[in-house]
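Numbering (the numbering used here), first residue to last: 384 to 603. Cβ coordinates follow ideal geometry from the N, Cα and C atoms, glycine included. As structure tokens, the structure follows; a few thoughts come after it.
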């Protein structure tokens with residue numbers, strides 16, 4: 384899926400809310416989200432994403448997209464009228480609405496693989512587009528991982544023909560992708576196939592997990 388980013392399409396470019404693809408439990412995308420930041424974070428340069436992946440095809444695409452997540456809680460003041468025998472007393476109260484998250488893309492990138500060994504774990508690295516972004520206290524950094532981003536990037540039909548480049552392929556395969564995440568305690572977790580649609584929460588203590596997924600977090 385592709386919403387926004389550096390494209391020549393004036394109807395689908397720039398910084399765009401990702402809520403429509405993140406909140407419908409799509410099965411072709413997985414997200415990793417940090418806990419709310421305790422102090423501001425400035426990102427300048429290129430984010431590099433390093434993933435341990437397992438695919439059932441020799442050639443396919445991996446797309447990474449970094450997002451800035453903000454949380455907004457709206458409040459309103461209402462006047463409540465309480466009748467009694469003599470008059471009507473008015474009391475005001477503040478009512479808070481449920482918190483709403485908004486996720487917006489800040490950078491993305493793609494890597495096209497052609498020499499994967501089906502069923503075996505491979506380490507890939509995706510270099511995202513240049514970015515300069517500041518996250519405030521309470522904001523979160525989110526990483527989307529998927530296997531396609533059409534129409535920004537041409538489709539990969541998950542087939543490899545030694546005599547033809549991937550974009551001239553005729554036949555297509557449905558591929559299954561798996562991402563292996565190493566937790567802070569050294570354990571490894573499989574976060575689903577073909578991007579299960581789950582949101583993996585990376586805690587502040589999962590240093591290895593964060594460094595595995597995003598290297599480096601700040602400036603290249």
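Is it right to say residue 389 is buried, meaning 16 or more other beta carbons lie within 10 angstroms of its own, or is it exposed?
Your numbering for residue 389 matches position 6 in the chain shown. An exposed status is given to residue 389, since fewer than 16 other beta-carbon atoms sit within 10 Å of its beta-carbon.
Identify which residue in 418, 542, 554 and 433 has its Cα closest to the Cα of residue 605.
This structure does not reach residue 605, given that the chain is present from 384 up to 603, and the question cannot be answered.
For residue 516 and residue 387, believed in contact at Cβ under 8 Å, the rounded distance:
Taking the first residue of the chain shown as position 1, residue 387 is located at position 4. Taking the first residue of the chain shown as position 1, residue 516 is located at position 133. Wrong, their Cβ atoms sit about 14 Å apart, outside the cutoff.
Cβ shell of residue 420 (< 8 Å), same chain only, five flanking positions each side left out:
In the chain shown, residue 420 corresponds to position 37, counting from 1. Same-chain partners within the cutoff: 518, 519, 520, 521, 522, 523 and 524.
State buried or exposed for residue 445, treating a residue as buried only when at least 16 other CB atoms are found within 10 Å of its CB.
Your numbering for residue 445 matches position 62 in the chain shown. Residue 445 comes out buried.
Residues near residue 538 by beta carbon distance below 7 Å, same chain, minus five either side:
By one-based count along the chain shown, residue 538 stands at place 155. Answer for residue 538: 531, listed in chain order.
Any idea if residue 562 is buried or exposed, counting beta-carbon neighbours within 10 angstroms, 16 or more meaning buried?
As a working note, residue 562 is residue 179 in the chain shown. So residue 562 counts as buried.
Tell me where the alpha helix (DSSP H) around residue 403 begins and ends.
Walking along the chain shown from the start, residue 403 turns up at place 20. Residues 402-405.
Taking the continuous beta strand (DSSP E) assigned at residue 415, which residues delimit it?
For the purposes of this step, residue 415 is taken as the residue at position 32 of the chain shown. Its beta strand (DSSP E) spans residues 412-417.
Rounded to the nearest angstrom, how far is the Cβ of residue 503 from that of residue 437, given a contact under 8 Å?
As a first step, residue 503 is located in the chain shown; it is residue number 120 there, counting from the start. As a first step, residue 437 is located in the chain shown; it is residue number 54 there, counting from the start. In this structure, residue 503 and residue 437 form a Cβ contact; the two beta carbons are roughly 7 Å apart against a cut-off of 8 Å.
CA-to-CA distance, residue 483 to residue 559, given in whole angstroms
For the purposes of this step, residue 559 is identified with residue 176 of the chain shown, where counting begins at 1. For the purposes of this step, residue 483 is identified with residue 100 of the chain shown, where counting begins at 1. When rounded, the distance between both Cα atoms is 32 Å.
For residue 451, the first and last residue of its enclosing beta strand (DSSP E):
Here residue 451 is taken as the residue at index 68 of the chain shown, counted from 1. Residue 451 -> beta strand (DSSP E) spans 443-455.
My guess is that residue 496 and residue 411 are in contact by the Cβ rule of under 8 Å, so how many angstroms apart are they, rounded?
For this step, residue 496 is matched to residue 113 along the chain shown. For this step, residue 411 is matched to residue 28 along the chain shown. About 17 Å; that fails the 8 Å criterion.
Residue span of the beta strand (DSSP E) that contains residue 522, given as start and end:
Mapped onto the chain shown, residue 522 falls at position 139. Counting along the chain, residue 522 falls outside any beta strand (DSSP E), and DSSP gives it neither H nor E.
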